[in-house]
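To keep things clear, I will list the structure first and then write my remarks on it.
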Amino acid sequence: MQNMKNQVRGSGIDARSNPANVSDGLQNSSGHIGANTRYRLTKLGEQMARLPIDPKIARILLAAKKHDCMAEILVIASALSIQDPRERPLEARDAAAKAHERFTDKQSDFLAYLNIWDSFQRERDKGLSNKQLVQWCRQYFLSHLRMREWRELHHQLAQTAIEMGLTTKESAFRQPPTQEQLRPSESQGDQDLAAKLKQKQLDKKQHRAQIRAAKEAGYEQIHRALLTGLIANVGMKSPDGNDYTGARGSRFHLFPASALFKAKPKWVMAAELVETTRLYARDVAVIQPEWIEQEAPHLVRYHYFEPHWEQKRGEVVASERVTLYGLTVLPRRPVSYGKVAPEEAREIFIRGALVAQESNLQTAFFAHNKKLIKEITELEHKSRKQDVLVDDEALFAFYNERLPELVWKDAKGGVWGSEEGGQNQSDKTADQNGSDNKTNQHAAKGKGRLKPLPLADIRTFEAWLKTAERDNPRLLFLSRDDLMQHAAAHITEEQFPKFWQTADGKFKLSYRFEPHHPLDGVTMTVPLTVLNRLHAPSLEWLVPGMLREKIQLLIKALPKQIRRICVPVPDFITKFLESNPDRQAAIIPQLAHFIAKSAGDMRILEQIDQDAWAAQELPEHCYLNLRIIDDGGQELAGGRKLHELQQQLGQAAAVTFRDNTQEFERDNVTTWDIGTLPESIKFARGKQQLTGYLGLQKEKDGRIALRLFDTTEAAEQAHRQGVIELMKLQLKEQVKDLNKGIQGFTQAAMLLKHINADTLRDDLTQAVCDRAFIGEDELPRNEKAFKEQIKRARSRLPAVKEALSRYLQETVAAYAELNSKLGKHPLTHLLRLRLQTLLAAGFATRTPWVQWPRLPIYLKAMTLRLEKYSGNPARDAAREADIQELEQMWQEKTDSLVKQGQPVSDDLAAFKWMIEELRVSLFAQELKTPHPVSVKRLLKELNFLN
Numbered sequence: 002m003q004n005m006k007n008q009v010r011g012s013g014i015d016a017r018s019n020p021a022n023v024s025d026g027l028q029n030s031s032g033h034i035g036a037n038t039r040y041r042l043t044k045l046g047e048q049m050a051r052l053p054i055d056p057k058i059a060r061i062l063l064a065a066k067k068h069d070c071m072a073e074i075l076v077i078a079s080a081l082s083i084q085d086p087r088e089r090p091l092e093a094r095d096a097a098a099k100a101h102e103r104f105t106d107k108q109s110d111f112l113a114y115l116n117i118w119d120s121f122q123r124e125r126d127k128g129l130s131n132k133q134l135v136q137w138c139r140q141y142f143l144s145h146l147r148m149r150e151w152r153e154l155h156h157q158l159a160q161t162a163i164e165m166g167l168t169t170k171e172s173a174f175r176q177p178p179t180q181e182q183l184r185p186s187e188s189q190g191d192q193d194l195a196a197k198l199k200q201k202q203l204d205k206k207q208h209r210a211q212i213r214a215a216k217e218a219g220y221e222q223i224h225r226a227l228l229t230g231l232i233a234n235v236g237m238k239s240p241d242g243n244d245y246t247g248a249r250g251s252r253f254h255l256f257p258a259s260a261l262f263k264a265k266p267k268w269v270m271a272a273e274l275v276e277t278t279r280l281y282a283r284d285v286a287v288i289q290p291e292w293i294e295q296e297a298p299h300l301v302r303y304h305y306f307e308p309h310w311e312q313k314r315g316e317v318v319a320s321e322r323v324t325l326y327g328l329t330v331l332p333r334r335p336v337s338y339g340k341v342a343p344e345e346a347r348e349i350f351i352r353g354a355l356v357a358q359e360s361n362l363q364t365a366f367f368a369h370n371k372k373l374i375k376e377i378t379e380l381e382h383k384s385r386k387q388d389v390l391v392d393d394e395a396l397f398a399f400y401n402e403r404l405p406e407l408v409w410k411d412a413k414g415g416v417w418g419s420e421e422g423g424q425n426q427s428d429k430t431a432d433q434n435g436s437d438n439k440t441n442q443h444a445a446k447g448k449g450r451l452k453p454l455p456l457a458d459i460r461t462f463e464a465w466l467k468t469a470e471r472d473n474p475r476l477l478f479l480s481r482d483d484l485m486q487h488a489a490a491h492i493t494e495e496q497f498p499k500f501w502q503t504a505d506g507k508f509k510l511s512y513r514f515e516p517h518h519p520l521d522g523v524t525m526t527v528p529l530t531v532l533n534r535l536h537a538p539s540l541e542w543l544v545p546g547m548l549r550e551k552i553q554l555l556i557k558a559l560p561k562q563i564r565r566i567c568v569p570v571p572d573f574i575t576k577f578l579e580s581n582p583d584r585q586a587a588i589i590p591q592l593a594h595f596i597a598k599s600a601g602d603m604r605i606l607e608q609i610d611q612d613a614w615a616a617q618e619l620p621e622h623c624y625l626n627l628r629i630i631d632d633g634g635q636e637l638a639g640g641r642k643l644h645e646l647q648q649q650l651g652q653a654a655a656v657t658f659r660d661n662t663q664e665f666e667r668d669n670v671t672t673w674d675i676g677t678l679p680e681s682i683k684f685a686r687g688k689q690q691l692t693g694y695l696g697l698q699k700e701k702d703g704r705i706a707l708r709l710f711d712t713t714e715a716a717e718q719a720h721r722q723g724v725i726e727l728m729k730l731q732l733k734e735q736v737k738d739l740n741k742g743i744q745g746f747t748q749a750a751m752l753l754k755h756i757n758a759d760t761l762r763d764d765l766t767q768a769v770c771d772r773a774f775i776g777e778d779e780l781p782r783n784e785k786a787f788k789e790q791i792k793r794a795r796s797r798l799p800a801v802k803e804a805l806s807r808y809l810q811e812t813v814a815a816y817a818e819l820n821s822k823l824g825k826h827p828l829t830h831l832l833r834l835r836l837q838t839l840l841a842a843g844f845a846t847r848t849p850w851v852q853w854p855r856l857p858i859y860l861k862a863m864t865l866r867l868e869k870y871s872g873n874p875a876r877d878a879a880r881e882a883d884i885q886e887l888e889q890m891w892q893e894k895t896d897s898l899v900k901q902g903q904p905v906s907d908d909l910a911a912f913k914w915m916i917e918e919l920r921v922s923l924f925a926q927e928l929k930t931p932h933p934v935s936v937k938r939l940l941k942e943l944n945f946l947n
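Letter 696 of the sequence shown, counting from 1, is numbered 697 in my numbering, and no numbers are missing.
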């Protein structure tokens with residue numbers, strides 16, 4: 002910039018007599034020009050050569066005409082061509098800086114020149130003498146001589162611009178803007194004080210907004226014009242420092258005297274870069290990076306990266322980066338890639354929109370191809386082998402052969418294939434359908450009048466397809482032969498059914514081959530209403546097409562000496578499946594039995610640890626995946642472990658099952674007037690055929706109701722209690738006598754202090770009723786059977802009452818003996834816990850009738866254990882640990898069923914008493930047990946129950 006100023010110091014210098022100036026300006030603004038390069042001046046260059054100033058300033062003046070800011074640019078351009086009129090004497094630097102603040106603009110040092118010019122012009126307009134003007138300049142630390150030089154140069158530039166037709170005489174000379182005063186609103190006269198104050202604030206706000214809008218509009222015009230000549234002096238702030246990155250890798254700092262020094266805006270433009278202790282930018286202003294591309298499109302470079310198909314836009318898109326001399330102006334913006342690289346964009350379009358089907362095409366061929374590919378993909382999911390569907394390259398070749406390289410748009414809007422693509426298309430069409438090629442001949446003849454378009458977006462493709470399908474409507478239709486590598490004859494519906502058939506209807510099966518995915522394998526969609534009715538062993542058998550692999554993996558998990566029996570494995574599996582195993586029972590016990598049978602030695606069964614075998618983890622796809630949905634089809638839960646799903650949703654399933662079944666149910670049943678209860682009843686729920694089970698149930702309020710249940714076990718358990726309660730209503734006198742007391746009750750109530758006396762009485766009464774009313778009899782399901790049961794109950798009641806009274810007295814006597822010996826014995830705490838469990842509130846009804854005679858034995862066994870403890874405490878602790886492990890396993894299973902809302906089976910309930918017998922066997926063997934028991938026997942029994 003110092004060179005620029007020196008060139009104009011003498012007003013007699015003219016760029017027309019010194020072409021080197023133009024060459025220097027071109028190198029600065031348009032890049033390097035070699036020494037031997039021949040070039041001609043453009044029209045713009047000829048206009049620049051007529052201006053007696055630095056070519057960069059000349060370029061700014063020419064841009065000022067375009068942006069309609071000639072008066073402002075003439076002032077700034079002439080200021081940049083002389084030495085700065087502001088003085089900063091060393092001895093009065095602070096005073097000078099303070100005086101210059103009135104001219105400062107926060108966004109631009111260039112506008113400071115306009116402010117100085119306007120201030121000086123206002124003083125001249127006041128009619129001040131030359132002496133007074135000199136004094137005013139000294140007051141604000143301005144050089145009067147430079148101000149005069151500035152005005153003379155401004156006059157010369159203005160005259161030249163007028164002569165060149167860049168501006169008119171009226172527009173060339175800037176007049177200081179009038180400072181508009183705030184005008185009060187016209188409607189203030191009839192307002193109160195508060196309203197006037199509010200209106201005044203609004204007027205001020207609107208006035209400031211108007212001033213700001215005017216300033217911003219003028220700011221952009223002026224600085225876009227300046228940018229055309231100072232394009233090489235732009236810079237972007239470094240993200241990790243206070244310096245700026247400029248063109249060609251330069252780095253500079255803002256000059257400390259600049260008004261923008263503290264603000265450090267992101268993008269700046271400088272009048273000059275001066276190197277002292279470091280490279281400084283002087284006279285800087287804030288700019289927007291978008292202006293660079295708009296004002297110097299011939300200097301920026303475009304870089305494209307990450308081309309990809311974008312479904313939402315329906316075209317091939319790439320990211321574009323704009324740079325100026327290596328400086329990134331715009332880091333990333335999406336652009337259509339078809340105009341940049343048509344061939345590459347076409348390939349990406351085919352792979353993304355057609356091969357990957359990532360588009361919203363509403364065409365017949367696309368729907369057909371999509372459906373066909375889905376069908377063949379399902380075959381792969383079923384077979385769990387990716388050897389049926391052809392790969393993407395084959396699909397790409399199919400479309401690449403049929404789509405033209407370019408398309409041509411005619412004046413009527415029709416889109417045609419290119420000459421080469423049209424010829425290939427017509428040849429294939431002729432081979433397939435015998436049609437002619439008139440359409441493409443027309444395109445070839447009119448090629449000179451057609452507009453070429455890249456085939457890289459949906460709109461262009463659909464327009465071309467509309468024309469191409471006139472000759473061959475099935476041009477892009479795929480066939481099964483095009484898509485399949487082999488016939489896949491083994492993938493039949495028998496091997497891979499679409500539905501799982503049960504007594505409650507059929508449930509949809511879906512297949513997926515994607516290891517480690519949650520849906521890998523086969524998934525069955527099950528309504529919540531039938532969740533509790535699913536049988537876990539039957540689900541182990543998967544579908545026929547996947548069963549062989551599962552059995553093979555199970556055999557592989559066996560010890561080597563047993564695995565040898567199964568060789569060759571495929572033949573062995575075939576024989577096993579031909580033996581018609583029970584598909585409703587678990588696989589492992591049947592497979593183990595078949596292995597032993599095949600070996601001719603059933604003792605092999607003892608060598609197979611079925612528990613360890615079942616614990617072997619197989620791949621996820623070897624277990625049926627369950628997807629539980631509600632009536633609206635929304636997924637509630639999913640997983641491969643049925644018991645966990647039933648535990649999570651079992652109660653909700655039971656409640657949902659009863660929805661909309663009021664036609665089968667009745668409230669407040671007081672006598673058997675409900676006719677005959679069928680064992681099961683079928684009813685429709687939406688599209689699902691369900692089977693329910695009717696039974697009487699005692700409600701929470703004590704009333705009896707007829708309810709529909711989703712499992713036979715739940716119905717039977719509820720019906721037993723419901724029948725007993727209904728019989729109580731018919732045998733009121735007998736129940737009343739029973740409630741008056743049972744022999745031995747008073748003594749029992751005194752000893753069993755942890756149970757409320759009334760609770761104990763009701764519990765004993767209920768136990769007598771259960772045994773006398775029902776016992777081992779079949780539950781009545783009609784009025785005749787119910788009346789006969791009442792007769793039997795009347796005759797049995799006295800005997801049952803007497804028997805229970807005897808058992809109770811024996812139990813209380815044993816309890817009293819044990820209680821007297823507990824004291825401070827080491828086992829006291831443990832045995833008190835056992836007593837609270839064995840004789841807890843409700844023990845009378847929970848204790849099966851066959852176990853009542855054994856209750857005193859269990860208590861006597863505890864007494865003997867106390868006496869034997871001191872002989873070997875370690876042995877006692879070890880045996881207790883084994884028992885507690887069994888007890889915990891049983892409790893977890895029982896809790897799981899209760900949480901699911903499922904009844905506890907009779908066998909599982911009886912297991913609790915087997916544990917009590919085990920205590921007798923381990924701690925008081927002399928009392929003997931009804932049948933042999935041991936820890937090993939009970940573990941085996943529990944595994945069988947599971």
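Backbone N, C-alpha and C define an ideal beta-carbon position, used for all residues, glycine too.
Residue pairing of TYR114 in beta bridges, as defined by DSSP: absent, with no partner found. Proximity of the segment 71-83 to the segment 240-250 falls short of the contact definition, fewer than three beta-carbon pairs being nearer than 8 Å. In this structure, the straight-line span from the alpha carbon of GLN608 to that of LYS792 is close to 55 Å.
A distance below 8 Å separates the beta carbons of ASP110 and ALA260. Per DSSP, the continuous beta strand (DSSP E) segment holding ARG252 begins and ends at 252-255.
Counting C-beta pairs with one atom in each stretch, the segment 465-480 and the segment 359-379 have three or more that are closer than 8 Å, which means they touch. Cα atoms of GLN387 and MET485: separation of roughly 11 Å, rounded to the nearest angstrom. Pairing GLY236 with TRP268, the inter-Cα distance amounts to about 6 Å.
About 6 Å separates the CB atoms of ALA706 and GLN698; that is less than 8 Å, so the two are in contact. In this structure, the beta-carbon distance from ILE916 to LEU887 falls below 8 Å. In this structure the segment 507-527 does not touch the segment 389-397; the number of beta carbon pairs closer than 8 Å is below three. Rounded to whole angstroms, the separation of the alpha carbons of ASP458 and PRO308 is 13 Å. Where TYR303 is concerned, the enclosing beta strand (DSSP E) starts and stops at 301-311.
In the DSSP assignment, ARG866 falls outside any beta strand (DSSP E) and lies within the alpha helix (DSSP H) extending over 856-869. The alpha-carbon of VAL724 is positioned some 8 Å away from that of PRO781. Here the alpha carbons of LEU809 and PHE710 stand approximately 36 Å from one another.
Under DSSP, ARG667 shares a beta bridge with LEU707. Classified as buried, TYR859 has 16 or more neighbouring CB atoms from the shown chains inside 10 Å of its CB. Ranking ALA817, ALA749 and ARG641 by CA distance to the CA of TYR624 puts ARG641 first.
Selection ASP612, ASP411 and GLN502 evaluated against GLN585 yields GLN502 as nearest (Cα-Cα). In the pairwise beta carbon analysis, the segment 83-103 is classified as not touching the segment 39-58: fewer than three pairs are separated by under 8 Å.
In the three-state scheme derived from DSSP, where H, G and I count as helix and E and B as strand, SER79 is classed as helix. At a Cβ-Cβ threshold of 8 Å, ARG352 and PHE399 do not count as neighbours. Assignment of alpha helix (DSSP H) within the segment 604-678, counting only whole runs of 4 or more residues, yields 605-608, 611-616 and 643-658 in chain order.
Scanning its chain for C-beta atoms nearer than 6 Å, with the 5 sequence neighbours on each side dropped, one finds around ASN783 the residues THR677, in chain order. By the criterion of a C-beta distance shorter than 6 Å, SER384 is surrounded in its chain by ILE492, once the five residues flanking it on both sides are discounted.
In terms of Cβ geometry, GLY327 and PRO455 do not form a close pair [threshold 8 Å]. In the three-state DSSP reduction, ILE756 falls in the coil class, being neither helix nor strand. In the structure shown, PRO332 adopts extended strand secondary structure according to DSSP, grouped into three states. HIS755 counts as exposed, since fewer than 16 other C-beta atoms from the protein chains shown sit within 10 angstroms of its C-beta. Three or more pairs of CB atoms, one per stretch, sit closer than 8 Å, so the segment 644-651 contacts the segment 532-540. Listed in chain order, the non-local C-beta contacts of PRO590 below 8 Å within the same chain comprise GLN611, local neighbours out to five positions each way being set aside.
Of all alpha-carbon atoms in ALA841, ILE74, GLU276 and ILE223, the one lying nearest the alpha-carbon of TRP292 is that of ILE223. Measuring C-alpha to C-alpha distances from TRP151 to each of PRO571, LEU75, ALA97 and LEU167 identifies LEU75 as the nearest.
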